[in-house]
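Chemist:
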Amino acid sequence: MATTPAITYEDLLQQTHDQYMIFDTRSPKEFEESHIPGSINLPLLSNEERVIIGILYKQQGREPALKRGFEMIFHKFDTFFSAIQGHTKKQLIIQCWRGGLRSQLVVDMFLNKDNIIQMIKDVGADVPIDAFAKKLDALPPLQPKQLVGGYKKYREYVRTKLEQFDYSFQFVVLHGLSCTYKTHLLDQLAKKGYPVLDLEKMVQHRGSVLGGIGLSPRSQKMVENEMVEQLESWKHAGVPFVFIEGESRKVGQFIIPEKLFQRLLSGIPVLVTATDEERIHLAMNEYFETPEKREGLKKELPRLTKFLGKQKIDELIQHTDDKHYDELFRLLFKQYYDVLYNKTLKALDFKLTVHWKEIEKLEHFFDRLHKQ
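Note that our numbering numbers the sequence shown so that position 202 is 267, with each residue one more than the last.
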């Protein structure tokens with residue numbers, strides 16, 4: 066049987082992103098949890114079909130699983146391959162979990178059609194051979210390659226990069242009390258073209274105990290994948306300084322990789338300030354802009370019982386029910402968040418203090434660092 070053409074991820078990195086397109090043949094559930102940034106999900110099997118095939122493989126073996134798999138693929142063939150049509154000018158890379166059968170089958174459907182037909186015959190799939198062969202012959206004359214080791218190998222690459230952390234840039238770290246518009250500043254700086262690693266945006270969590278309200282936090286693996294893509298681009302561009310927000314080791318459920326966290330702790334500290342009224346205004350926009358967020362906050366407040374006591378939590382919930390949102394956050398800031406944050410802030414030697422509206426002052430400071 067003919068060999069399936071393949072390429073390693075390291076070799077793929079020698080090309081620019083606009084030269085290739087990665088199609089991930091794993092199920093939608095697998096893809097949603099984490100994937101190679103920029104890849105497109107082209108599931109050979111649906112979530113339900115993958116479960117069926119998995120059970121069949123464990124209980125009866127490879128051939129019965131292949132037989133049922135081919136029968137499933139035949140009925141979705143046209144829809145499956147139509148997704149590729151808009152990317153025919155790029156090198157197509159086909160990937161699955163570990164460079165196994167799913168990605169091999171897709172590549173072979175383009176390049177080793179006789180292999181596919183023979184496999185269908187060997188396993189006795191209930192598929193009209195002539196009709197399947199015609200579908201294969203009608204595929205565009207593309208030259209896809211299988212990604213060696215699949216997504217599993219890519220994750221090894223990501224973990225190695227984070228463990229080695231051979232990046233020379235220094236972080237400029239924005240610190241400040243809760244709701245002092247640090248994330249807003251990072252967003253504005255990124256729009257102006259400054260290098261920014263916005264962990265809370267990547268994780269989809271605001272970083273505090275109540276920070277997940279109204280958001281859909283992303284998996285550890287997916288954030289790490291995107292992080293390495295960004296770090297590598299800065300490395301190749303020779304970026305010397307990067308803006309980041311000060312964080313504890315965990316942002317929601319995401320654990321910041323050890324060496325990145327140590328780099329953050331040794332960064333250049335900048336203090337960002339805002340008035341109490343400005344902070345309350347931001348908090349109200351963040352947590353009360355929709356009924357779902359308001360209910361989410363009310364539901365999460367009891368998590369602070371061990372810090373504030375039940376009586377204080379009942380008072381906060383009452384403020385929520387009465388729509389006294391300004392009083393709610395005034396109390397939260399004074400009795401919880403500010404107490405917590407000030408322990409960290411008092412230990413830092415800030416090189417610059419800026420009000421959150423003074424972005425130009427922050428830009429000038431950053432630009433001066435380049436000239437030192």
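For glycine and all other residues, C-beta sits at the position ideal for the given N, C-alpha and C.
Between which two residues does the alpha helix (DSSP H) holding residue 391 run?
Modeler: On the sequence shown, residue 391 is found 326 positions in, with the first residue counted as 1. Counting along the chain, the alpha helix (DSSP H) containing residue 391 begins and ends at 390-397.
Chemist: Tell me residue 267's beta-bridge partners as DSSP assigns them.
Modeler: Sequence index remark: in the sequence shown, residue 267 carries index 202 (1-based). Answer is none; residue 267 lacks a bridge partner.
Chemist: Compute the distance between the beta-carbons of residue 142 and residue 200, then report whether it is under 7 Å.
Modeler: In the sequence shown, counting from the first residue as 1, residue 142 sits at position 77. In the sequence shown, counting from the first residue as 1, residue 200 sits at position 135. Yes; because the gap between Cβ atoms is below 7 Å, this pair is in contact.
Chemist: In angstroms with no decimal places, state the Cα-to-Cα distance between residue 416 and residue 334.
Modeler: Taking the sequence shown and counting its residues from 1, one reaches residue 416 at position 351. Taking the sequence shown and counting its residues from 1, one reaches residue 334 at position 269. Using only the alpha carbons, I get a separation of about 6 Å.
Chemist: Smallest Cα separation from residue 112: which of 194, 215 and 94?
Modeler: Position 47 of the sequence shown, counted from the start, is the residue given in the question as residue 112. Of the candidates 194, 215 and 94, the one whose C-alpha sits nearest the C-alpha of residue 112 is 94.
Chemist: Which one of 68, 82, 158 and 398 has the shortest CA to CA distance from residue 297?
Modeler: The residue labelled residue 297 in the question sits at position 232 within the sequence shown. With distances taken between Cα atoms, residue 297 lies closest to 82.
Chemist: If you follow the beta strand (DSSP E) that residue 285 is part of, which residue opens it and which one closes it?
Modeler: As a first step, residue 285 is located in the sequence shown; it is residue number 220 there, counting from the start. Looking at the DSSP string, residue 285 is not in any beta strand (DSSP E); the run it does join, the alpha helix (DSSP H), is 285-302.
Chemist: If we call anything under 7 Å between Cβ atoms a contact, is residue 140 one with residue 86?
Modeler: For this step, residue 140 is matched to residue 75 along the sequence shown. For this step, residue 86 is matched to residue 21 along the sequence shown. For residue 140 and residue 86, no; Cβs fall outside 7 Å.
Chemist: I need the DSSP call for residue 210, collapsed to helix, strand or coil.
Modeler: On the sequence shown, position 145 is the one that residue 210 refers to. It is a strand residue.
Chemist: Please state whether the Cβ-Cβ distance between residue 172 and residue 226 is less than 7 Å.
Modeler: Looking up residue 172 in the sequence shown gives position 107. Looking up residue 226 in the sequence shown gives position 161. Not a contact, by the Cβ cut-off of 7 Å.
Chemist: Using 10 angstroms around the beta-carbon of residue 190, count the other beta-carbons present and answer buried if the total reaches 16, otherwise exposed.
Modeler: What you label residue 190 is simply residue 125 of the sequence shown in a count that begins at 1. Classification for residue 190: buried.
Chemist: Please work out which residues of its chain come closer than 6 Å, Cβ to Cβ, to residue 381, disregarding the five sequence neighbours upstream and downstream, and give them in chain order.
Modeler: Locating residue 381 in the sequence shown gives position 316, counting from the first residue. So the qualifying residues of the chain are 366 and 393.
Chemist: With distance defined between alpha-carbon atoms, name the residue in 303, 265 and 309 nearest to residue 319.
Modeler: Within the sequence shown, the letter at position 254 stands for residue 319. When each option's Cα is compared against that of residue 319, the closest is 265.
Chemist: Which one or two residues does DSSP pair with residue 239 in a beta bridge?
Modeler: Here residue 239 is taken as the residue at index 174 of the sequence shown, counted from 1. Bridge partners of residue 239: 310 and 335.
Chemist: How is residue 272 classed by DSSP in three states: helix, strand or coil?
Modeler: Position 207 of the sequence shown, counted from the first residue, corresponds to residue 272. With a pLDDT of 48 at residue 272, under the threshold of 50, the modelled position of this residue cannot be trusted; read the value that follows with caution. Three-state result, residue 272: coil.
Chemist: Would you give the residue range spanned by the beta strand (DSSP E) that residue 160 belongs to?
Modeler: What you label residue 160 is simply residue 95 of the sequence shown in a count that begins at 1. First-last of the beta strand (DSSP E) with residue 160: 156-160.
Chemist: Taking a contact to mean a Cβ-Cβ separation below 7 Å, would you say residue 154 touches residue 230 in this structure?
Modeler: In the sequence shown, the residue the question calls residue 154 occupies position 89. In the sequence shown, the residue the question calls residue 230 occupies position 165. Cβ distance not < 7 Å, so residue 154 and residue 230 don't count as in contact.
Chemist: Can you tell me the Cα-Cα spacing of residue 413 and residue 70, whole angstroms?
Modeler: In the sequence shown, the residue the question calls residue 413 occupies position 348. In the sequence shown, the residue the question calls residue 70 occupies position 5. Computed Cα separation, rounded: 55 Å.
Chemist: Measure the beta-carbon distance from residue 215 to residue 163 and round it to whole angstroms, keeping in mind my assumption that it falls under 8 Å.
Modeler: The residue you call residue 215 lines up with position 150 of the sequence shown. The residue you call residue 163 lines up with position 98 of the sequence shown. Yes, they are in contact, since the Cβ atoms of residue 215 and residue 163 sit about 4 Å apart, within 8 Å.
Chemist: Is residue 338 closer than 7 Å to residue 420 when the C-beta atoms are compared?
Modeler: To locate residue 420, count along the sequence shown from 1; it is residue 355. To locate residue 338, count along the sequence shown from 1; it is residue 273. For residue 420 and residue 338, yes; Cβs fall inside 7 Å.
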